[in-house]
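In what follows, a single structure is set out as structure tokens and then discussed.
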DNA sequence: GAATCAACATACCGACCAGTATGTATGTAG
DNA sequence: CTACATACATACTGGTCGGTATGTTGATTC
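Chains as they are written, first to last, in the working numbering: chain A, 1 to 214; chain B, 1001 to 1214.
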């Protein structure tokens, strides 16, 4: 190695680890492959991260967190929240559709693989999901204040269901490696989002009631 | 071994493999642990299954398929489909809630782990999901004929969204290891199911239109 | 420019794992 | 009773993996 740039080294390890985890999962991710792809040696890796788990944690805390922020927090910061979510959903659909074999959502893939096996992963991933839900809930509240979202909607509950449904739709498409499933599910989700919209003609019978459980 | 019962041997291997996969995923499943738990030797295992993958395939074809059939096909074979689905959802909620650390849905766990990595798994799992969707769609059609389900509902699309949302809800609860998330999501799903119900007072504005994509 | 430390580099280790080679015992058909 | 196939049992192998011990080099400080 001619010149040294520890920050860049760390960053390239993180990104390669993210890609490796995206393709093979955390447990299927091989440090040797990450090192080969980055031209970093094992000594350098273990200088920046104490062990494989720490590398995985950092991927959640830095890469996946930023990913959700870019996709779901920033775009919903202003404008009509329902419209913005429909746009984001469309973008996400295009991203999913761009792969030959659908790999799904990196965050949810890791969540489903590791949540039951390691509380360190679980808690870190839960933080990112909570951030995501918070972004949607806040946007919906703003929509209520601006008159674009029905006032009897429980924004926290709606946000939780939206996130669950998004991951469910992506997972369904991945299971069958079939975009038609993605579009069909997306239609169901769109229908739900539309039911949150304030409209002078609509009846409140199908709106999300202020309810906490069951 | 005193007496021989090859069918029982095979069955116990299948069930132990299912449990091992449920807890650690297919790739995390260890043949040694399966053998230890069943008191079967490696020679016997490789007599019944050519390799680990064949064992995994058999778990999908036999165990997981039966599981979905028992939970989602048989109960929906008669009666009001919406009510039956709400009951099934309740039962499934109880099952998920019975674990200290939530492991989620065995079918979807395996689907998310393996679909992008192995087409053999993917196609077998897709068959089970298709069976599931078909059971719901058929039940909804019967509901339409009997007057309990809105006639303008696209039953295939609704079935697909229901399956996706169910898995999304379970996955969300697993991610946070939080039953509150399960109940919140379940409320959203219940709301969607209720929107499919035929009712003299309801307006059709939120019903699932006859649409194919987008 | 000597000392020091962060930032790498290389070689090696023990554990685990799927799979195999080879052998043995049990049931069954003639 | 013999022959043979099914149903097991045991011991071993090659490969991959995460992790470590130890050595080297580039940057920084005084």
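Beta carbons are placed, not taken as given, at the ideal position from N, Cα and C, and that holds for glycine.
Pull up the CB-CB distance for residue i and residue j, whole angstroms please, since I reckon it's below 8 Å.
i	j	result
residue 92 of chain A	residue 25 of chain A	With a Cβ gap of about 21 Å, residue 92 of chain A and residue 25 of chain A do not count as contacting.
residue 1246 of chain B	residue 1096 of chain B	Past the edges of chain B, shown from 1001 to 1214, lies residue 1246 of chain B, and the structure says nothing about it.
residue 1128 of chain B	residue 1107 of chain B	6 Å
residue 188 of chain A	residue 1157 of chain B	7 Å
residue 1060 of chain B	residue 1014 of chain B	With a Cβ gap of about 11 Å, residue 1060 of chain B and residue 1014 of chain B do not count as contacting.
residue 1177 of chain B	residue 1102 of chain B	5 Å
Tell me the rounded alpha-carbon separation between residue i and residue j.
i	j	result
residue 94 of chain A	residue 100 of chain A	12 Å
residue 1083 of chain B	residue 56 of chain A	43 Å
residue 125 of chain A	residue 1190 of chain B	26 Å
residue 1069 of chain B	residue 1023 of chain B	22 Å
residue 1011 of chain B	residue 186 of chain A	40 Å
residue 173 of chain A	residue 2 of chain A	46 Å
residue 17 of chain A	residue 119 of chain A	20 Å
residue 215 of chain A	residue 135 of chain A	A question about residue 215 of chain A goes unanswered here, because the residues of chain A that appear run from 1 up to 214.
residue 46 of chain A	residue 165 of chain A	39 Å
residue 1073 of chain B	residue 142 of chain A	42 Å
residue 27 of chain A	residue 63 of chain A	18 Å
residue 213 of chain A	residue 1089 of chain B	Bear in mind that a pLDDT of 39 at residue 213 of chain A, under 50, signals an unreliable position, so the model cannot answer this.
residue 42 of chain A	residue 36 of chain A	10 Å
residue 230 of chain A	residue 184 of chain A	It is not possible to answer for residue 230 of chain A, since the shown part of chain A is limited to 1 through 214.
residue 48 of chain A	residue 131 of chain A	27 Å
residue 79 of chain A	residue 66 of chain A	21 Å
residue 71 of chain A	residue 1123 of chain B	31 Å
residue 1169 of chain B	residue 1044 of chain B	40 Å
residue 1104 of chain B	residue 1171 of chain B	6 Å
residue 181 of chain A	residue 1121 of chain B	18 Å
residue 1210 of chain B	residue 1054 of chain B	Caution applies to residue 1210 of chain B, whose pLDDT of 45 falls short of 50 and renders its modelled position unreliable; the value that the coordinates give is listed next. Roughly 41 Å separates the two Cα atoms.
residue 1144 of chain B	residue 144 of chain A	36 Å
residue 192 of chain A	residue 1198 of chain B	18 Å
residue 109 of chain A	residue 179 of chain A	18 Å
residue 161 of chain A	residue 1034 of chain B	37 Å
residue 87 of chain A	residue 81 of chain A	10 Å
Pick helix, strand or coil for residue i, following the three-state DSSP scheme.
i	result
residue 151 of chain A	coil
residue 4 of chain A	coil
residue 202 of chain A	Unreliable positioning characterises residue 202 of chain A in this predicted model, as indicated by a pLDDT of 48, which lies under 50. The coordinate reading is nonetheless provided below. Residue 202 of chain A: coil per DSSP, three-state reduction.
residue 212 of chain A	For residue 212 of chain A, the predicted model reports a pLDDT of 39, less than 50, meaning its position is unreliable; a value from the coordinates is still stated below. Reduced to three states, the DSSP call for residue 212 of chain A is coil.
residue 207 of chain A	Low confidence applies here, because residue 207 of chain A scores a pLDDT of 46, under 50, leaving its location unreliable; read the following figure in that light. DSSP places residue 207 of chain A in coil when its eight states are reduced to three.
Any idea if residue i is buried or exposed, counting beta-carbon neighbours within 10 angstroms, 16 or more meaning buried?
i	result
residue 137 of chain A	buried
residue 152 of chain A	exposed
residue 1140 of chain B	buried
residue 39 of chain A	exposed
residue 1147 of chain B	exposed
residue 1195 of chain B	buried
residue 5 of chain A	exposed
residue 1020 of chain B	buried
residue 85 of chain A	buried
residue 167 of chain A	buried
residue 1154 of chain B	buried
residue 50 of chain A	exposed
residue 8 of chain A	exposed
residue 1115 of chain B	buried
residue 1032 of chain B	exposed
residue 1030 of chain B	exposed
residue 1159 of chain B	buried
residue 175 of chain A	buried
residue 203 of chain A	Unreliable positioning characterises residue 203 of chain A in this predicted model, as indicated by a pLDDT of 47, which lies under 50. A coordinate reading is not provided.
Worksheet item: Going along the region 1139-1173 of chain B in order, which residues come within less than 9 Å of chain A, judged by CB to CB distance?
Response: Listed in sequence order: 1154, 1156, 1157, 1158, 1160, 1161, 1162, 1163, 1164, 1165, 1166, 1167, 1168, 1169, 1170, 1171, 1172, 1173.
Discussion item. Which residues of the region 1105-1138 of chain B have a Cβ closer than 7 Å to any Cβ of chain A? Give them in chain order.
Written reply: Here the close residues are 1108, 1109, 1111, 1112, 1113, 1115, 1116, 1122, 1125, 1126, 1129.
Discussion item. If the cut-off is 8 Å on Cβ atoms, which residues from the region 183-194 of chain A count as contacting chain B, listed in chain order?
Written reply: Along the region 183-194 of chain A, going in chain order, the ones with a CB nearer than 8 Å to a CB of chain B are 183, 184, 185, 186, 187, 188, 189, 191, 192, 194.
Worksheet item: Taking Cβ-Cβ distances below 8 Å as the criterion, which residues of the region 1076-1104 of chain B are in contact with chain A?
Response: Here the close residues are 1101, 1102, 1103, 1104.
Worksheet item: Listed from N- to C-terminal order along the chain, which residues in the region 49-66 of chain A have their beta-carbon within a distance smaller than 7 Å of any beta-carbon of chain B?
Response: Of all residues in the region 49-66 of chain A, none has a C-beta nearer than 7 Å to a C-beta of chain B.
Worksheet item: Listed in chain order, which residues of the region 22-38 of chain A have Cβ atoms closer than 9 Å to some Cβ of chain B?
Response: Flagged, chain order: 23, 24, 25, 27, 28.
Discussion item. Counting only Cβ-Cβ distances shorter than 8 Å, please list the residues of the region 1009-1020 of chain B near chain A, keeping chain order.
Written reply: Along the region 1009-1020 of chain B, none of the residues has a CB nearer than 8 Å to a CB of chain A.
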